[in-house]
Every structure is written in structure tokens, then in C-alpha cells.
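Engineer:
Chains as they are written, first to last, in the working numbering: chain A, 145 to 561; chain B, 145 to 561.
#1: Going by C-alpha to C-alpha distance, which of B:209, B:227 and B:417 sits closest to residue 565 (chain B)?
#2: Around the Cβ of residue 506 (chain A), are there at least 16 other Cβ atoms within 10 angstroms (buried) or fewer (exposed)?
#3: Would you report the Cα separation of residue 336 (chain A) and residue 301 (chain B), rounded to the nearest angstrom?
#4: Count the other CB atoms within 10 Å of the CB of residue 237 (chain B); is the residue buried (16 or more) or exposed (fewer)?
#5: What whole-angstrom Cβ distance do residue 491 (chain B) and residue 521 (chain B) have, given they're in contact under 8 Å?
#6: Run through chain B and tell me which residues come within less than 7 Å of residue 535 (chain A), C-beta to C-beta.
#7: Kindly indicate if chain B contains any beta-carbon less than 9 Å away from that of residue 450 (chain A).
#8: Buried or exposed, going by whether 16 or more other CB atoms sit within 10 Å of the CB of residue 298 (chain B)?
#9: Per the contact definition of three or more C-beta pairs closer than 8 Å, is the segment 527-544 of chain A in contact with the segment 417-436 of chain A?
#10: So with CB distances below 7 Å, who are the chain B contacts of residue 314 (chain A)?
#11: As a quick exercise: from A:313, A:185 and A:381, pick the residue whose alpha carbon is nearest that of residue 365 (chain A).
#12: Could you check if residue 534 (chain B) is buried or exposed, using at least 16 other CB atoms within 10 Å of its CB as the buried criterion?
#13: Excluding the 5 residues preceding and the 5 following residue 354 (chain B) in the sequence, name in chain order all residues of the same chain whose CB lies nearer than 6 Å to its CB.
#14: Taking 8 Å as the cut-off, is the CB of residue 464 (chain A) close to at least one heavy atom of the ligand SAM?
#15: List, in order along the chain, the chain B residues whose C-beta lies closer than 9 Å to that of residue 453 (chain A)?
#16: Output needed for residue 247 (chain A): all residues of its chain with C-beta closer than 8 Å, excluding positions within five of it in sequence on either side, in chain order.
#17: When you compare the CB of residue 422 (chain B) with every CB in chain A, is at least one pair closer than 9 Å?
#18: Tell me residue 284 (chain A)'s beta-bridge partners as DSSP assigns them.
#19: Please confirm if the segment 418-426 of chain B is in contact with the segment 494-514 of chain B, defined as three or more CB-CB distances below 8 Å between the two stretches.
#20: Cβ atoms of residue 159 (chain B) and residue 174 (chain A): under 9 Å apart, would you say?
#21: Taking only beta-carbon atoms, is residue 333 (chain B) less than 9 Å away from chain A?
#22: Along chain B, in chain order, which residues have C-beta atoms closer than 8 Å to that of residue 354 (chain A)?
#23: For residue 352 (chain B), list the residues DSSP reports as bridge partners.
#24: Examine the Cβ distances between the segment 161-175 of chain B and the segment 149-167 of chain A and report whether three or more of them are shorter than 8 Å.
#25: So residue 408 (chain B) packs on residue 436 (chain B), CB below 8 Å; how close in whole Å?
#26: May I have the straight-line CA-CA distance separating residue 234 (chain A) from residue 264 (chain A), to the nearest angstrom?
#27: With a threshold of 8 Å, are at least 3 pairs of Cβ atoms found where one atom belongs to the segment 303-311 of chain A and the other to the segment 377-394 of chain A?
#28: Once the 5 residues before and after residue 563 (chain B) are set aside, which same chain residues still bring their CB inside 8 Å of it?
#29: List the residues of chain A that residue 274 (chain B) touches, going by C-beta distances under 8 Å, in chain order.
#30: If we require 4 or more residues per run, which alpha helix (DSSP H) segments fall completely within the segment 188-240 of chain B?
#31: Are residue 225 (chain A) and residue 281 (chain A) closer than 9 Å when you measure CB to CB?
#32: Answer with yes or no whether the minimum CB distance from residue 168 (chain B) to chain A is below 9 Å.
#33: Does the distance from the CB of residue 478 (chain A) to the CB of residue 450 (chain A) come in under 9 Å?
#34: Chain A beta carbons: is any one of them nearer than 9 Å to that of residue 501 (chain B)?
#35: Using a Cβ cut-off of 8 Å, pull out every chain E residue sitting near residue 174 (chain B), in sequence order please.
#36: With 16 other CB atoms within 10 Å as the buried threshold, where does residue 537 (chain B) fall?
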């Protein structure tokens, strides 16, 4: 089963935004056995949209469109679809109600443009946009399907997951596909590829492997396709067993979840709390931890000790220690980890200090040098990392490395019990 | 002048990587007056590549291809182009020399796959790849141009900047395009659209307007195309003047920059420092501020006071105040803003507390209620916001709202001087 994605919006064509939606949609479609033959980005132009739809319908049975559904004049996807499918716009009262309640919740009063967002082509099935005002649309056309989604990533994602994926599974007869994602940490993609090459070569034919790298993390996605779901599950499980032997501690999780969610679960399950003292990561670890709903149950808080004065005044790191060892040193991060846990009254503490770049590097501490310490109330585990020269990536990689050190320490503590 | 980009590679179509190349190339082309009518991502498949080339040559005079130039068997772009242009591959000895010296520098010995990389179609112009082994190629075809580049981002970027852009300027007579982006804050997209509708209708024909919304922010992009750069600049400037009157304080910036960069510039230019006390934003404001390179010059640090104990122990908020007024109250955020500036020794302080959701809401303080206070050493400015019910969006919107309140306070202070 083949599909095409069409992303509509001038902002992509002038390079103002990077199209991250398509990769995400591609992954989700792959999971249910739909593969993409093409992704196209085109402008907010009626003739071009129509030409593009014709071309795509010539090639595939399923087209997914994102973008161009906003309330303003430059957004013309909906009116173009109404023309294309020869289906006049009419008011959808349940959409109107939703838009109304959404705006009320945001304390914004309803205007004529919002009201127009609740109009949809007569012959489409409306797809509920739980977090936005632009409804999605599902059209049936000569046995083929066209789906129009908003371009705002989180709106599109909610709609894909809750509305579109279930409907696609009903509408098309798709093969059984089972995916299992193994999250690895600390091994570069190319090294990992060599390390597991023999294992990969011995995978059964029904299993496909994909490497999905992001800073600090490589996700290995195994996909098995066939007719018998149970058998596929067994085949995957059988393939993962030897992988566990090869990768050991480098496996963060065998579920597709983020490191902050892994840590949250570990803390909740063991009834423990965390506090963080961050220098180079500048609050990113606290930010990641508090993205998880309910984090106030186990996350006490943190200190972003960006200047040395703060390391001294709030965290009680001795000035002499900083002068003698440097702000980026084992001794200083250990003091930060220990003191933040003590002062904030948490079971675990993280201390982190490094040179994120682009400035501040020296010969013996080049850009990308990061010291991390984790503390459990009794002992400290500390490690030095050497990341690259990209500030944003360094912040991300250092944050993940710190949370992974904490994960290993919590696991050690749990096993001792 | 119109062009199309074709990115070739299965890894894009299965969502393994996000195509960041196209946005970058689009920006560079825009700067020299070439606009894109389409971006296509297709797989490493000979027939699809040929079909795609034919389609694109029907539409535009310039095609830029990335990807599929690697040494392995799955990379077929070069051989496909040789077939397409009916131009057999031959060894290019200067490319061979370059590949040889490059591999020597990497301590890798030359193999037959590397040698094959130095073969190029007879009738193409070779584009030097200063950082990689795959040469770029420039084909002339019925008065039209096709350029093939490697998919590795930094190789492609070097080739674009040093080889392709200068050649394009020579080869085509190009119009001028000028973009100007106005960043607005605090007005929903649809409200903004109505507010500036009359202004928009009176825009000269040579100017196109686009709305680019993201949580808390709407960017307005004006694009003017013509022959005379100076005249276009004047036309844009003339159009922005009345917009300033309409939007006033809602304009964050007239450059395409983020709120954290705007704040950084304000702090640097006025030689001031900042500290933040965050509850519901959980370190996100500190994270945003420290994403900016060089932020240690003006960002002292922050306290993520996620639990009430931390608000009391580190920030010195009285327990009684929290009990009487609640952790999400004007009094508490004022105390947080004031004390964090005092304790961390900064000129400005931010205090923020709210209910990010999904839990924790009540009748008089529903999810999305956020109190923010900013402090300049003398006075406090405090405001209550009511955001929505999405945790991640609330964190983003509250962070931007706080930084905007700080921006207005700094501007007020500057004007007083």
C-alpha cells in the first residue's frame, strides 16, 4: 500500500520552516504497513494544489495533505478542496461548538474568521482537531482517499493518532506489522551499526531494521510484516534476545519512550525524589523532567547555577574549589549534586557543568567538555564527557547523559534492596 | 525565476531523517531571487528519478537534486543521470586525486568503491566537493540546468556557497526579492488578521503577506519582488509604518529573531543581568535564555522552585504567604521575582507560578492559570494569564509571556534614562 504526502505552505518553500511533519507522518504510516512513494511541498496556490492532487491520484490510492487550513486569507487548502471535489462549504455545527469552547478556554472572543473555520465541504468526513480550530477532512474519491490535516505539528499529531490511524486501518486492508523499538544510548550510529552487523545479517527475512538517530540516542526499530500477529511477536522477541547480550547497559528502554519518562517511572515506582543543579545545560534537565505530567510528585526542583556566584551562594560550592579545580571539574559537580539534594531535600541529586560552546573552550577543556555527577544520598558517581562543538546538541546530549547516569544509579540501588 | 528541489533517498520516505537540506537551500536561493515552486522527496529508484526529472523540467528551468551520491550500491543518482543525459561515465583525474588525498587525511585506504566515486558523466561540469568524496555535477539540457549535490548537509552547504551560488548568478538574470518578518506577541492569529485586514488589503501588489503562527507568537512575513532593490526596500518600509501604529507594543521585533535573542540583546546593550524563579515553566525560561551563545554574560541563573519547600527554603517565600494566598498568586510570584534577583545579584528578576496541567486545576484557578511578575530592582509588574489546557503549550506560552513582560519593563527603564 503506497501513499503520498503533500505539504502546503509558502513558508516551507522559502525555507522559513523545516518540514518535520512529513518524517513523523512517514513513521506513523510505516507502522501500519503504508509506505510513501513521494513527499511533495508546494505553495499556497490553487492551480498548483489542483495539479499536484491530480498527479498524486494518478500514482497512489491515498494522499495526506498538511497545512493551509488557518483562518487567514493566505490559507486556501479548504476552499481549493471544495472546488476540487465540487462540494460547497457548509457550516458544521459540532465543529463550531468546538471552536467556540476552545476559544473560550483561551479567553479569546470568537470572530468571523473563527466562525468560517467551522465550515467544511459538504461531502467530506470531518476529523476532530482536539487542540485546534481547524478541522481535518477525509474525502473519498473514485475509490481513493484524500486526508487534509492542519500543519501545526501537535494538532496534526493528535489528529493522526486519535482519528486517522484507526480510520486507515478500517478503510484499507493492511498487512499485520509489528514494531518494537529499542532505545540505545552512548553509542554512535556508525559504531552501533558495526557492532550489531552480524546480528542484523542473521535477522529473519520478515524483519526490517531501521536506525533512527537523534542527539545522544539511537532508536533501533524492528518491523515484522506478515499475516499471523502472534507468530510475528514471537519472531521479534526471539531476535531481541541476542541483541540484549550485545548491547547490555546501552539499552535505555525496550519501549519507545523518552529518557525523562523512563526516569519518572523509576522515581515513582521506587518512591524517590530528584533535584538538579545545572550549569551548562541551563535548566534543560529541569525542563525535560517537568514536561512529564505529574512531575511535581517526584521532582523537587533545581538550581540553574549559570554564574559561579550562584554556585557559591545557593549551592554552597566553596570559592576556593572553583578557583583551584575550575567550574568544570569533578570536584565542583560532585559538590553541586550533593548540595542540591541536601538543600532541596531530595533522594537523588544531579550536578552538571561543562562548556557548551561556541566560546569558552581551552586546550585542556575544549568546547564540549562536560562533567556530570549523580548522588543517591550515600555515594557519588561522576563522569567526564567530550561532546562536539554545537551548542544546542551539546545541551541535549549532556542532559540525556546525565539522566542516563541517574537511571543506572537508581537501577543499582533497586537491585541492592 | 522558479526552481525545484528533488531530494533522493529512502531514509526520508520512511521518516528516518528529517529533510533539513531543502529549507536551507530554499533560503539561499531566495536570497538571490530564485523561488521554489516545489520540493519533492523520492526514493532511490531509477524509474522514479527519471519520471521526476521529466515532470520538473516541464515546470521549471532549474532543478537542484541532493542525495544518492554515496559509494554503496543503493546510491544510484549518478548512474541514473548518466543514462538520463545519455552521457557515459568517465574517470575524472582531478576528482580522483582529491578523493585520494581526502581519504589519506582520514587514514582510510582507497578501495574500488572510492575510485568509482571519481567517475562522472562526460558532458557535466564537475562541482568541487571540498569536504567529501562525492563530486557535484552541473548539467545543461535544452537551455535548462540540473545540479546534483551530495545529501550530507555540510558537504552540500559548502558546495552551494562556494560553487553553485556564484555560478547561478552568472548563468541566470535574476530579480530582486526582499523579505521582512515582523514578530508579534499576545494576539491570536485570527484576531490579528481582522485587526490588520484593512492594512493588508491596501498593500501594494508587489508585496505578499504570510501569517506564521507558533504558540504565543505570530510572525508576519512580507515579501516584495521586483527589479530595483532599493525601491523594494522603500516599499516594504512604507508598508510597515502604518502597521507599527496598529500593533504598537504587540510587535516584539522587526527582525526574524526569537524572544530569547531579543532579551539577550536588550540585556547586553544596557549592561544588565537577569535571574529567574520558575515554578510551572520548570526551567524552560532558563533553558531558552541559555540556548543563546554567550548568555553567561547576562544570565546569572535561576531557581526551579517546583515544590513549595524550595520556594520557601531557597527563595525565602514565607510559608504563611503560600498557605494564605496559594502558590499560584500575585503575592507569591512577586516575592519570587524580587528574591531571586536579590539572592542571585541580578538587575532583573522573573517570578512565575501557574497550573500547567493536566492535573492541579480548581474552580477559581483552572488549568492554564499563570501568574507572572517581573522586577527591576525598584518596582514589580505583575499579571495573570489564562492559557489553555495543553501542558506543553502552556509551558511555552507562559515562558514567552514572561520574557515579553521583561522586554516591556526593560524598554520602559531605557526610555526613562
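Where is the CB? At the ideal position from N, CA and C, for every residue including glycine. Keep in mind it's a predicted model, so treat the numbers as computed, not measured.
Structural biologist: To lay it out plainly:
#1: Outside the displayed span of chain B (145 to 561) sits residue 565 (chain B), for which this structure offers no information.
#2: Counted from its first residue, the first chain places residue 506 (chain A) at position 362. Exposed, since its Cβ has fewer than 16 Cβ neighbours within 10 Å.
#3: Within the first chain, residue 336 (chain A) is the residue found at index 192, counting from 1. Within the second chain, residue 301 (chain B) is the residue found at index 157, counting from 1. Distance between residue 336 (chain A) and residue 301 (chain B), taken at the CA atoms: about 27 Å.
#4: Numbered from 1 along the second chain, position 93 holds the residue referred to as residue 237 (chain B). A residue is called buried when at least 16 other Cβ atoms come within 10 angstroms of its Cβ; residue 237 (chain B) does not meet this threshold and is exposed.
#5: Translated into positions along the second chain, residue 491 (chain B) becomes position 347. Translated into positions along the second chain, residue 521 (chain B) becomes position 377. Rounded, the Cβ-Cβ distance is 6 Å, consistent with contact.
#6: Your numbering for residue 535 (chain A) matches position 391 in the first chain. What residue 535 (chain A) touches in chain B: 437.
#7: Translated into the one-based positions of the first chain, residue 450 (chain A) becomes position 306. Yes, its Cβ sits closer than 9 Å to a Cβ of chain B.
#8: As a first step, residue 298 (chain B) must be located in the second chain, where it is residue number 154. Exposed is the call here.
#9: By the Cβ criterion, the segment 417-436 of chain A is in contact with the segment 527-544 of chain A, since at least three pairs of Cβ atoms, one from each stretch, lie closer than 8 Å.
#10: What you label residue 314 (chain A) is simply residue 170 of the first chain in a count that begins at 1. Per Cβ cutoff of 7 Å: no residues; residue 314 (chain A) is ~23 Å from chain B at best.
#11: Position 221 of the first chain, counting from 1, holds the residue named residue 365 (chain A). The residue with the shortest Cα to Cα distance from residue 365 (chain A) is A:381.
#12: In the second chain, residue 534 (chain B) corresponds to position 390, counting from 1. In this structure residue 534 (chain B) is buried. Its beta-carbon is surrounded by 16 or more other beta-carbon atoms within 10 angstroms.
#13: As a first step, residue 354 (chain B) is located in the second chain; it is residue number 210 there, counting from the start. Result list for residue 354 (chain B): 365, in chain order.
#14: For the structure depicted, the ligand SAM is absent and the ligand set is empty, with no information on it obtainable.
#15: Numbered from its first residue, the first chain carries residue 453 (chain A) at position 309. Residues of chain B with a Cβ closer than 9 Å to the Cβ of residue 453 (chain A) are, in chain order, 444, 445, 488 and 489.
#16: By one-based count along the first chain, residue 247 (chain A) stands at place 103. Once the five neighbours on either side are set aside, the close Cβ partners of residue 247 (chain A) are 253, 254, 258 and 277.
#17: Position 278 of the second chain, counted from the first residue, corresponds to residue 422 (chain B). Taking Cβ atoms only, chain A reaches closer than 9 Å to residue 422 (chain B), which makes this a yes.
#18: Here residue 284 (chain A) corresponds to residue number 140 of the first chain, with the count starting at 1. DSSP, once it has assigned bridges, lists A:289 as partnering residue 284 (chain A).
#19: Yes: the two stretches touch, three or more of their Cβ pairs being nearer than 8 Å.
#20: The residue given as residue 174 (chain A) occupies position 30 in the first chain. The residue given as residue 159 (chain B) occupies position 15 in the second chain. Their beta carbons are under 9 Å apart, which means residue 174 (chain A) touches residue 159 (chain B) by this criterion.
#21: As a working note, residue 333 (chain B) is residue 189 in the second chain. Judged by the 9 Å Cβ criterion, residue 333 (chain B) is in contact with chain A.
#22: Position 210 of the first chain holds residue 354 (chain A). Result: 158 and 160.
#23: By one-based count along the second chain, residue 352 (chain B) stands at place 208. Partner(s): B:367.
#24: By the Cβ criterion, the segment 161-175 of chain B is in contact with the segment 149-167 of chain A, since at least three pairs of Cβ atoms, one from each stretch, lie closer than 8 Å.
#25: In the second chain, residue 408 (chain B) corresponds to position 264, counting from 1. In the second chain, residue 436 (chain B) corresponds to position 292, counting from 1. Rounded to whole angstroms, the Cβ separation of residue 408 (chain B) and residue 436 (chain B) is 5 Å, and the two are in contact under 8 Å.
#26: Your numbering for residue 234 (chain A) matches position 90 in the first chain. Your numbering for residue 264 (chain A) matches position 120 in the first chain. The alpha-carbon atoms of residue 234 (chain A) and residue 264 (chain A) are separated by roughly 6 Å.
#27: Verdict: no, contact absent.
#28: Nothing can be reported for residue 563 (chain B): it is not among the residues displayed for chain B, which extend from 145 to 561.
#29: By 1-based counting over the second chain, the position of residue 274 (chain B) is 130. None at all; the shortest Cβ gap to chain A is about 19 Å.
#30: Contiguous alpha helix (DSSP H) elements confined to the segment 188-240 of chain B occur at 190-203 and 221-228, taking only those with 4 or more residues.
#31: The residue you call residue 225 (chain A) lines up with position 81 of the first chain. The residue you call residue 281 (chain A) lines up with position 137 of the first chain. Going by C-beta atoms, residue 225 (chain A) is nearer than 9 Å to residue 281 (chain A).
#32: Residue mapping note: residue 168 (chain B) aligns to position 24 of the second chain, counting from 1. So, interface residue.
#33: If you number the first chain from 1, residue 478 (chain A) lands on position 334. If you number the first chain from 1, residue 450 (chain A) lands on position 306. No. Outside cutoff.
#34: Taking the first residue of the second chain as position 1, residue 501 (chain B) is located at position 357. Flagged as an interface residue toward chain A: residue 501 (chain B), by a C-beta distance shorter than 9 Å.
#35: Here chain E cannot be found, since the structure's protein chains are A and B.
#36: The sequence position of residue 537 (chain B) within the second chain is 393, counting from 1. Buried is the label assigned to residue 537 (chain B), since at least 16 other Cβ atoms lie within 10 Å of its Cβ.
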